[in-house]
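In full-length UniProt numbering, the protein residues as written are 1 to 224.
Glycine residues also receive a C-beta, built at the ideal position from the N, C-alpha and C atoms.
Since the structure comes first, as structure tokens, the remarks are kept for the end.
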């Protein structure tokens, strides 16, 4: 029995060249913890996350991350899902990309978040993984809009959103770990998405549509 036989969303896989995004399972946790241990916060950037997990001592960060993964799986439902995916180049785990949806069958809107181990920064991987998850949401799930946020003092994350095709629509002053910060908010439609040159292939889209209660979606396909 595979994990996807128990939780259908664990069968999702997105591939483009050597880069893959596959739905996280408990078996992936050790590799993800090792990748995060190499450092995450970009050089020359403000702290990029809404929680303090990347600032914790290693043992606390690993325990906190593991508890978060299992709590997300336990809370998953057709009405609210955080699809956590492992980013790999070949067999090397590089980071994580998520796709969050709530009442997706009605709202058709997805939200993204991600992290990439620091030794892989500056190679365009952050942009490609975002392109892949957005292509999956539009092509396989029938999303109408994707949204994301980044702090204004995180230039790398803002560049990824802009290079993917997102358009800024708002800025707000928010609380970042007890200190004020400016959050930049973006949205993206299918016709705005900048796609990679190589074809993208998808697995698990039909099962995830059924799980979310989406009707009239597209069948699995490859897009260039």
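Item to check | Entirely enclosed beta strand (DSSP E) segments - the segment 157 to 194, minimum 3 residues | outcome: 167 to 176 and 179 to 188
Checklist entry - Are residue 149 and residue 184 close, meaning C-beta to C-beta below 8 Å? => result Within the chain shown, numbered from 1, the residue matching residue 149 stands at position 149. Within the chain shown, numbered from 1, the residue matching residue 184 stands at position 184. Contact annotation: residue 149 and residue 184 have beta-carbon atoms nearer than 8 Å.
Checklist entry - Hey, residue 213 and residue 12: beta-carbon distance below 8 Å or not? => result Mapped onto the chain shown, residue 213 falls at position 213. Mapped onto the chain shown, residue 12 falls at position 12. No. Outside cutoff.
Checklist entry - Quick one, are the C-beta atoms of residue 65 and residue 53 less than 8 Å apart? => result Along the chain shown, read from residue 1 onward, the residue named residue 65 stands at position 65. Along the chain shown, read from residue 1 onward, the residue named residue 53 stands at position 53. Yes, these two residues count as a Cβ contact at 8 Å.
Checklist entry - In the structure shown, what three-state DSSP assignment does residue 40 receive? => result As a first step, residue 40 must be located in the chain shown, where it is residue number 40. Correct three-state label for residue 40: coil.
Checklist entry - Can we say the segment 92 to 102 touches the segment 193 to 209, given the rule of at least three CB pairs closer than 8 Å? => result Under the three-pair Cβ rule at 8 Å, the segment 92 to 102 does not count as touching the segment 193 to 209.
Checklist entry - Quick one: is residue 17 buried, meaning 16 or more other Cβ sit within 10 Å of its Cβ, or exposed? => result Translated into the one-based positions of the chain shown, residue 17 becomes position 17. Label assigned to residue 17: exposed.
Checklist entry - If you compare alpha carbons, which of 192, 154 and 9 is closest to residue 45? => result Numbered from its first residue, the chain shown carries residue 45 at position 45. Of the candidates 192, 154 and 9, the one whose C-alpha sits nearest the C-alpha of residue 45 is 154.
Checklist entry - According to DSSP, which residues form a beta bridge with residue 147? => result Along the chain shown, read from residue 1 onward, the residue named residue 147 stands at position 147. Per DSSP, the beta-bridge partners of residue 147 are 111 and 187.
Next on the checklist: Quick check on the DSSP output: the alpha helix (DSSP H) that includes residue 128 runs from which residue to which?
Outcome noted: Your numbering for residue 128 matches position 128 in the chain shown. For residue 128, the uninterrupted alpha helix (DSSP H) run begins and ends at 125 to 139, by DSSP.
Next on the checklist: Mapping the DSSP letters down to three states, classify residue 95 as helix, strand or coil.
Outcome noted: To locate residue 95, count along the chain shown from 1; it is residue 95. Looking at residue 95 - three-state DSSP - the assignment turns out to be strand.
Checklist entry - Between residue 114 and residue 2, what straight-line distance do the alpha-carbon atoms span, to the nearest angstrom? => result Translated into positions along the chain shown, residue 114 becomes position 114. Translated into positions along the chain shown, residue 2 becomes position 2. When rounded, the distance between both Cα atoms is 25 Å.
Checklist entry - Within the chosen definition, does the segment 24 to 32 reach the segment 116 to 134 through at least 3 CB pairs nearer than 8 Å? => result Not touching, per the Cβ criterion.
Checklist entry - Between which two residues does the beta strand (DSSP E) harbouring residue 13 extend? => result Locating residue 13 in the chain shown gives position 13, counting from the first residue. Unbroken beta strand (DSSP E) run through residue 13: 13 to 16.
Next on the checklist: Which same chain residues end up closer than 7 Å to residue 161 when comparing Cβ atoms and leaving out the 5 residues on each side of it in sequence?
Outcome noted: What you label residue 161 is simply residue 161 of the chain shown in a count that begins at 1. Taken in chain order, the residues that qualify are 148, 150 and 186.
Checklist entry - At what residues does the alpha helix (DSSP H) containing residue 207 begin and finish? => result Taking the chain shown and counting its residues from 1, one reaches residue 207 at position 207. Residues 205 to 212.
Checklist entry - What are the boundary residues of the alpha helix (DSSP H) that includes residue 54? => result Your numbering for residue 54 matches position 54 in the chain shown. It is not in any alpha helix (DSSP H) - residue 54 carries neither H nor E in the DSSP assignment.
Checklist entry - Are there three or more Cβ pairs, one per stretch, closer than 8 Å when the segment 172 to 180 is compared with the segment 116 to 125? => result no
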